[in-house]
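Here is the structure we will look at, set down as structure tokens.
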Amino acid sequence: MKQLWAIQPRGRRWVGALLGWLLAWNAQAQPAPAQLRGTWAGTVTFYGTPAPVLVDFDALRRPGAGKATVALPSLGLHGIQVDRFATEGDSMTLVMSTLPGSYRARLTADTLGLAGYLLTAGQRLPLRLNPVAPARLAQLLPARAQMPKRPLPYRELPLTFAGGAVGVQLVGTISAPPSLRGPAVVFISGSGPHNRDGEEFGHKSFLVPADALTRQGFIVLRYDER
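So for the sequence shown, the numbering used here puts the first residue at 97; every next one is plus one.
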């Protein structure tokens, strides 16, 4: 068969270089695990009302899969569990059965954010997410009247104790009435690491009830889970 065209050696080098550049660019454009950690924030508009959306990406267990939680603080929705969290190329999908809804997005051209749509209640709502620093996160959360205010009418004592495994030390706080006597309560969190306050998107689900119980005479231990 007659050869219709051929790439000369010099042309092959150019093609090889171009393919190498494209592969490198594609690898950089993928939302690597390191990029999808911490809290990301954006704003979605429900029926004309803007509402902040927070996504807390946990450490990915393996490339292409992981776990995360979602919150819409102004709507009173916190800790919405993500049933499916997957990345493929420069795209990402979150599926939440309790909302219910899903978020499908792609890494932006500058690789600094995610741009996509939140699909819920029959609506397709534009939503861009960007990493948010802890100081900025506090501004996105509503004020919480139930947070304890100092001075406290009880004592708080630091505590370090053995965590069960060799060499593991756990650190926590005991809150107790001034007499240091009374029934005791230990707060134990679920799966995944949590701090002693059970903090998630600014809501401290352990600190608030610990404060209420201690005011009623209980001794309460809460600790950082590793």
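Here a beta-carbon is modelled for each residue, glycine too, at the ideal position from N, C-alpha and C.
Minimum C-alpha distance to residue i - residue among the options
i	options	result
G313	S271, A164 and L233	S271
S187	G212, V151 and P148	G212
V140	L266, G175, R133 and P222	P222
G197	L253, L203, F257 and I176	I176
Y199	K245, R180 and G294	R180
M243	V262, S301, L203 and L132	S301
R311	S285, A217, K245 and A258	K245
G55	T256, L266, Y143 and P169	Outside the shown range of the chain, which is 97 to 322, sits residue 55, and nothing can be said about it.
Q185	L195, T145 and T204	Here residue 185 is Gly; the residue named in the question, Gln, does not match the sequence. Cα-wise, what sits closest to G185 is T204.
Alpha-carbon spacing of residue i relative to residue j, whole angstroms
i	j	result
V264	V316	22 angstroms
D320	T269	9 angstroms
L214	P274	50 angstroms
A137	T183	18 angstroms
A280	A147	40 angstroms
H174	V304	15 angstroms
A261	P254	21 angstroms
T216	L210	18 angstroms
L266	L132	28 angstroms
S170	T145	10 angstroms
T256	D206	44 angstroms
S285	L168	22 angstroms
N294	L195	Looking at the sequence itself, residue 294 is Gly, so the reference to Asn does not match. Each residue's alpha carbon lies about 22 angstroms from the other.
H290	A258	17 angstroms
CB contact flag (residue i, residue j, <9 angstroms)
i	j	result
V151	L190	yes
A164	V149	no
V228	M192	no
R292	R318	yes
A308	F283	no
G172	F153	no
R220	A201	no
Would you mind listing the alpha helix (DSSP H) stretches within the stretch 186 to 233 that are 4+ residues and don't spill past its ends, in chain order?
none
Counting pairs of beta carbons, one from the stretch 249 to 262 and one from the stretch 216 to 233, are three or more of them closer than 8 angstroms?
no
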